[in-house]
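Novice: Position 437 of the sequence shown, counting from 1, maps to 600 under my numbering, and the rest follow consecutively. For each residue, glycine too, the CB sits at the ideal point set by N, CA and C. Quick caveat, the model's predicted, so the values are computed rather than measured. Mind having a look at this structure? Questions to follow.
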Amino acid sequence: MHGMMRGTFARPHEESAMNARVPESALNAAQALGHINRAWDDDIVGQLKHYIGIPAKSPMFEPGWEGAGLLDTVVRNAADWVLAQQVAGLTAEVVRLPGRTPVLFFEIAATRPASPQTVLMYGHLDKQPEFSGWRADLGPWTPKMEDGKLYGRGGADDGYAVYASIAAVQELQRQGVPHPRIVGLIETSEESGSRDLLPYIDALKTRLGDVALVVCLDSGAGNYDQLWLTTSLRGMASGTLKVEILTEGIHSGDASGLVPSSFRIMRQVLDRLEDSATGRLLPARFHCEVPAERLAQARATAAILGEEVYRRFPWAHHDCGGSTIVALPTTTDPVQALLKRTWEPTLSVTGAEGFPALQDAGNVLRPYTAFKLSLRLPPLVDAAACMQEMKALLEDNAPYQAKVTWESASGANGWNAPETAPWFAQALDAASQAHFGAPCGFIGQGGTIPLMGMLSQGFPKAQMMVCGVLGPKSNAHGPNEFLHVPYAKKLTAAVAQVIASLP
164 MHGMMRGTFA RPHEESAMNA RVPESALNAA QALGHINRAW DDDIVGQLKH YIGIPAKSPM
224 FEPGWEGAGL LDTVVRNAAD WVLAQQVAGL TAEVVRLPGR TPVLFFEIAA TRPASPQTVL
284 MYGHLDKQPE FSGWRADLGP WTPKMEDGKL YGRGGADDGY AVYASIAAVQ ELQRQGVPHP
344 RIVGLIETSE ESGSRDLLPY IDALKTRLGD VALVVCLDSG AGNYDQLWLT TSLRGMASGT
404 LKVEILTEGI HSGDASGLVP SSFRIMRQVL DRLEDSATGR LLPARFHCEV PAERLAQARA
464 TAAILGEEVY RRFPWAHHDC GGSTIVALPT TTDPVQALLK RTWEPTLSVT GAEGFPALQD
524 AGNVLRPYTA FKLSLRLPPL VDAAACMQEM KALLEDNAPY QAKVTWESAS GANGWNAPET
584 APWFAQALDA ASQAHFGAPC GFIGQGGTIP LMGMLSQGFP KAQMMVCGVL GPKSNAHGPN
644 EFLHVPYAKK LTAAVAQVIA SLP
């Protein structure tokens, strides 16, 4: 392991001042939000516009990432900005392990006297691919600010996190509020299942310290009206399922009816995994019981969000005899809707190969069909065991003795938050009331952040502030992704307040 760059900043006389006794003081919430608003308007938004313009796709989507150098560029840019902030007691380093995507690691010395605790701040800088369907005046790599929303790939997922983290610490120091030791870990393989993260955690373990609070800004929000704490995350298993029946395409008039369609075989194989009528995953191993606390939280959140739980998605609609027909969700019960997207396994086909474009499709029986599958797993399910079962389930005894192969791409366990400490619950609610004028909400998320499971195992006593800006219609990974800047500003101030409340 070696650092590509490293720097330290301490203002005159501050190194000794950090070790002196600093009187406890509360964060002035109004002042904090005012200064953080200006930091975002004057600097952070501009940094994020530049970041959005760089197509730093995650290694799963850019096999030539190392030669392209774009992941290195966004990490180097973030490191340069972090160092330029001249935060007292800060050191920052871009760390590289051979063959691994780079990470940015920073450390800020405690200003709270004799504090043994550490706050870990997490984010990532790698991005999902372009996807299609962007509005005509928008694009994945062309940032645009409109009505408080910064459009473009990666700004909300998760480029803003490192900037917001440093801005929160800057405000603590500006107000003279003592804080514990703070470290930051900003990775570049999260969108590929954080496949490079565990080696870095092992390599940096002694430098992470005794983590008492994790601040992860890579999650979502139920609305933009209050602070939201993520209470659970689904796991995932992804890979490619391929069905081969011929060595080359042949005339469909000559062969169809005798040569089985690779697509029909694909349907039969997927029927082993999923009930296509209901979407329910068939293997019992893929399911788990919902804990009573999470069920109670889902009911409380459903009371806040109501029909918006499912109405927020861009449903297709069509005209039928003068009336508008809108596509329906799998359920219109808000409680069940929340549980389906957070505590039930779900299969999605996210890509396909072996199909010509519509305009190029002739009367040809295709030799193979390949699907990219993304399986979301409940928080308490073992992803590795599911992936092993999937391989046997999908490959064995193929119809018509076709060649059926399942190649796993990535897998990660989900996460269920530890019991909330009283101080943490009070701090979250106070921060939400101070900056949003509403209590903190609690919500499970359907996405996956592999780091959280790793940290819960490594630091079982740590509280987990898993939050984010991915609220209604923000559309991470899809077209027209945006960062809701007003919400991001308030979230930054809320993070500062929660850190200040750490006992």
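Less than 6 Å between C-beta atoms, sequence neighbours within five positions excluded: which residues of the same chain meet that for E293?
Specialist: For the purposes of this step, residue 293 is taken as residue 130 along the sequence shown, with counting starting at 1. If we look at E293 and ignore the five residues flanking it on each side, its Cβ neighbours are P303.
Novice: Smallest Cα separation from P585: which of W578, N579 and A593?
Specialist: As a working mapping, residue 585 is identified with position 422 in the sequence shown. Of W578, N579 and A593, the residue nearest in Cα terms is A593.
Novice: Since V238 and L283 are thought to touch, with beta carbons under 8 Å apart, how far apart are those beta carbons, to the nearest angstrom?
Specialist: Start at 1 with the first residue of the sequence shown, and residue 238 comes out as number 75. Start at 1 with the first residue of the sequence shown, and residue 283 comes out as number 120. With a Cβ gap of about 18 Å, V238 and L283 do not count as contacting.
Novice: Just how far apart, CA to CA, sit Q660 and Y214?
Specialist: Numbered from its first residue, the sequence shown carries residue 660 at position 497. Numbered from its first residue, the sequence shown carries residue 214 at position 51. Those two C-alpha atoms are separated by around 27 Å.
Novice: Let me know if I428 comes out buried or exposed under the rule of 16 or more other beta-carbons within 10 Å of its beta-carbon.
Specialist: If you number the sequence shown from 1, residue 428 lands on position 265. Burial call: buried.
Novice: Just to confirm my understanding: we take A241, look at its own chain, exclude 5 residues before and 5 after, and list those with CB closer than 7 Å. What are they?
Specialist: Indexing the sequence shown from 1 puts residue 241 at position 78. Cβ neighbours of A241 beyond the five flanking positions: L267, L288, V325 and I349.
Novice: Roughly how many angstroms lie between the CA atoms of E597 and C379, to the nearest whole one?
Specialist: For this step, residue 597 is matched to residue 434 along the sequence shown. For this step, residue 379 is matched to residue 216 along the sequence shown. One detail in the question is off: residue 597 reads as Ala in this sequence, not Glu. Cα to Cα, the separation comes out at about 20 Å.
Novice: Indicate whether at least one CB of chain C lies closer than 8 Å to the CB of L491.
Specialist: Note that chain C does not occur in the displayed structure, where there is just one protein chain.
Novice: Determine the contact status of F534 and L404, defining contact as a CB-CB distance below 8 Å.
Specialist: Here residue 534 refers to the residue found at position 371 when the sequence shown is read from its first residue. Here residue 404 refers to the residue found at position 241 when the sequence shown is read from its first residue. Yes, the pair counts as a contact, with Cβ atoms nearer than the cut-off.
Novice: Where does the unbroken alpha helix (DSSP H) through M693 begin, and where does it stop?
Specialist: Given that the chain is displayed from residue 164 to residue 666, the structure contains no residue 693 and the question cannot be resolved.
Novice: Pop quiz: P222 and S355 are said to be a contact at Cβ under 8 Å. What is the actual Cβ separation, rounded to whole angstroms?
Specialist: Locating residue 222 in the sequence shown gives position 59, where the first residue counts as 1. Locating residue 355 in the sequence shown gives position 192, where the first residue counts as 1. Between S355 and P222 the Cβ distance is about 5 Å, and since that is below 8 Å, they are a contact.
Novice: I need the straight-line Cα distance from L458 to G514, nearest angstrom please.
Specialist: Along the sequence shown, one-based indexing puts residue 458 at 295. Along the sequence shown, one-based indexing puts residue 514 at 351. Straight-line Cα distance between these residues: approximately 33 Å.
Novice: Going by beta carbon distance, what residues of the same chain come within less than 6 Å of L538, once the five residues before and after it are set aside?
Specialist: As a working mapping, residue 538 is identified with position 375 in the sequence shown. Result list for L538: A400 and L510, in chain order.
Novice: Using only CA atoms, which one of G641, G442 and E582 lies nearest to D633?
Specialist: Here residue 633 is taken as the residue at index 470 of the sequence shown, counted from 1. Here residue 633 turns out to be Leu, not Asp, going by the sequence shown. Selected option, being the one with the closest Cα: G641.
Novice: At a cut-off of 7 Å, is T394 close to the ligand FAD when judged by its beta-carbon and the heavy atoms of the ligand?
Specialist: In the structure shown, the ligand FAD is absent, as is every other ligand, since no ligand is present at all.
Novice: Which whole-angstrom value is the C-beta distance of Y323 and L646, which I expect to be below 8 Å?
Specialist: On the sequence shown, position 160 is the one that residue 323 refers to. On the sequence shown, position 483 is the one that residue 646 refers to. With 8 Å as the limit, Y323 and L646 qualify as a contact, their Cβ atoms being about 6 Å apart.
Novice: Based on DSSP bridge pairs, tell me the residues matched to H481.
Specialist: Within the sequence shown, the letter at position 318 stands for residue 481. According to DSSP, which records beta bridges pairwise, H481 is partnered with I488.
Novice: Check the DSSP bridge columns for E350 and list the partner residues they point to.
Specialist: Counting from 1 along the sequence shown, the entry for residue 350 is found at position 187. Beta-bridge pairing links E350 to H287.
Novice: Beta-carbon separation of C603 and V544 under 8 Å?
Specialist: Counting from 1 along the sequence shown, the entry for residue 603 is found at position 440. Counting from 1 along the sequence shown, the entry for residue 544 is found at position 381. No. Outside cutoff.
Novice: Using a 10 Å radius around the Cβ and a threshold of 16 neighbouring Cβ atoms, would you call S188 buried or exposed?
Specialist: Walking along the sequence shown from the start, residue 188 turns up at place 25. Here the model assigns S188 a pLDDT of 43, short of 50, so the residue's position is not dependable and the matter cannot be decided.
Novice: Counting only the same chain and skipping the five closest in sequence on each side, list residues whose C-beta sits under 7 Å from that of L396.
Specialist: For the purposes of this step, residue 396 is taken as residue 233 along the sequence shown, with counting starting at 1. P542, G577, W578, Q608, G610, T611, I612 and M615.
Novice: In this structure, does DSSP put L313 in helix, strand or coil?
Specialist: Here residue 313 refers to the residue found at position 150 of the sequence shown. In this structure, L313 counts as strand in the three-state DSSP scheme.
Novice: Kindly list the residues whose CB is nearer than 6 Å to the CB of F605, restricted to its own chain and excluding five residues on each side of it in sequence; keep chain order.
Specialist: Mapped onto the sequence shown, residue 605 falls at position 442. The residues are L392, T394 and Q460.
Novice: Write down the C-beta distance between G286 and S352 rounded to the nearest angstrom, noting that I regard them as a contact closer than 8 Å.
Specialist: In the sequence shown, residue 286 corresponds to position 123, counting from 1. In the sequence shown, residue 352 corresponds to position 189, counting from 1. So it is not a contact: roughly 13 Å between Cβ atoms.
Novice: Between M627 and the rest of its own chain, which residues show a CB-CB distance below 6 Å, the 5 nearest in sequence each way excluded?
Specialist: In the sequence shown, residue 627 corresponds to position 464, counting from 1. V377 and A580, listed in sequence order.
Novice: Output the residue ranges of the alpha helix (DSSP H) runs that lie fully inside the segment 482-545 and measure 4 residues or longer, sorted by chain position.
Specialist: Listed in chain order, they are 497-503.
Novice: Let me check understanding here. Comparing Cα to Cα, which of S637, K653, A657 and I662 lies closest to D321?
Specialist: Against the sequence shown, residue 321 aligns to sequence position 158. Checking every option, the nearest Cα to that of D321 belongs to S637.
Novice: Nearest CA to the CA of G296: which residue from A366, K290, F518 and G315?
Specialist: As a working mapping, residue 296 is identified with position 133 in the sequence shown. Residue G315 is the option with its Cα nearest to G296.
Novice: Please look up how many angstroms separate the CB atoms of P530 and G412, rounded, as I've assumed it's under 8 Å.
Specialist: Translated into positions along the sequence shown, residue 530 becomes position 367. Translated into positions along the sequence shown, residue 412 becomes position 249. The pair is a contact, with the Cβ atoms about 5 Å apart (cut-off 8 Å).
Novice: How is K653 classed by DSSP in three states: helix, strand or coil?
Specialist: If you number the sequence shown from 1, residue 653 lands on position 490. Of the three classes helix, strand and coil, the one that applies to K653 here is helix, per DSSP.
Novice: So, is Y650 buried or exposed, given that buried needs 16 or more other C-beta atoms within 10 angstroms?
Specialist: Within the sequence shown, numbered from 1, the residue matching residue 650 stands at position 487. By the 10 Å Cβ count, Y650 comes out buried.
Novice: Identify every residue that forms a DSSP beta bridge with F645.
Specialist: In the sequence shown, residue 645 corresponds to position 482, counting from 1. In DSSP, F645 forms a bridge with Y314.
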